[in-house]
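Below is one structure, written out as structure tokens; comments come after it.
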């Protein structure tokens, strides 16, 4: 069964450093998403991406964040200058259509020291 | 705001039936999802409701009343492996296709 994959599974970084989180969505899906979940808190929407551009973004997704789909398979989230409060589990998700179920990847646990 | 409310915790015993409620603001509603999340893992899809009524899928059913801004997830014949968080997520038109999640309900199933 096709699945969303994410790398790395864990990332530890120093405050102020740049990180890139990578995702490979399910191959025939058209909608791509990033969500985050701070430990013990709810899943929060960051950004959605369709037709090679950002569709929606939340207030969390400020100028420190960017997304790219550099080729036909990868979807990346970049945090330019990490802060302590960026420590969270970051989930990538993809969907075939806008209002269909979204399939989540296993997540990348980001720890900012 | 796009408030989505669920009980924080519930407990039940094996073999029982449990109902997890979710309420949300009705303005801009465009669909409701239930996801299951085991600790340290990703959410996995359980059900989708966009029209009023009951959707049944094996041991799990989900109900929606759009006029009341209310949904529930019904879990029958509970098993220990059903111990997890159950997340109610709503699509609102003004947020496009983004899932807006509630805080989740942690269900503990005991023998």
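Residue numbers (our numbering), protein chains in the order written: chain A, 18 to 130; chain B, 331 to 441. Even for Gly, the Cβ is constructed at its ideal location relative to N, Cα and C. Since we're looking at a predicted model, the values are computed, not measured.
With distances taken between CA atoms, residue 345 (chain B) lies nearest to B:406 out of B:352, B:353 and B:406.
Where residue 29 (chain A) is concerned, the enclosing beta strand (DSSP E) starts and stops at 27-30. Beta-bridge partners assigned by DSSP to residue 106 (chain A): A:54 and A:126. When C-alpha distances from residue 102 (chain A) are compared across A:24, A:55 and A:21, the shortest belongs to A:55. With a cutoff of 8 Å on beta-carbon distance, residue 50 (chain A) and residue 41 (chain A) are scored as not near each other.
Within the region 356-395 of chain B, the complete beta strand (DSSP E) segments of 3 residues or longer fall at 359-367, 374-379, 383-387 and 390-395, listed in chain order.
Between residue 93 (chain A) and residue 33 (chain A), the CB-CB gap reaches or exceeds 8 Å. Contact between the region 20-31 of chain A and the region 65-81 of chain A is absent: fewer than three C-beta pairs spanning the two stretches fall below 8 Å. With its beta carbon at least 8 Å from every one in chain B, residue 84 (chain A) lies outside the interface. About 15 Å separates the beta carbons of residue 359 (chain B) and residue 431 (chain B), which is beyond the 8 Å limit, so they are not a contact pair. Residue pairing by DSSP places residue 113 (chain A) in no beta bridge whatsoever. When only Cα atoms are considered, residue 336 (chain B) and residue 352 (chain B) end up about 5 Å apart. Using a 10 angstroms sphere on the CB of residue 106 (chain A), the tally of other CB atoms reaches 16 or more, which defines it as buried. In the same chain as residue 415 (chain B), and ignoring 5 residues on each side of it, the C-beta atoms closer than 7 Å to its own belong to 367, 434, 435 and 436, in chain order. In summary, residue 37 (chain A) is exposed, with fewer than 16 beta-carbon neighbours lying within 10 Å of its beta-carbon over all protein chains present. When C-alpha distances from residue 88 (chain A) are compared across A:52, A:44, A:115 and A:35, the shortest belongs to A:44.
Per DSSP, the continuous beta strand (DSSP E) segment holding residue 36 (chain A) begins and ends at 36-41.
Of all residues in the region 373-398 of chain B, those with a C-beta nearer than 8 Å to a C-beta of chain A are 373, 374, 375, 378 and 380, reading in chain order.
Among the residues of the region 420-441 of chain B, those with a Cβ less than 8 Å away from any Cβ of chain A are 421, 425, 426, 427, 428, 429, 430, 431, 432, 433 and 434, in the order of the chain. Neighbours of residue 60 (chain A) in chain B, taken as residues at a C-beta separation under 7 Å, are given in chain order as 373, 417 and 431.
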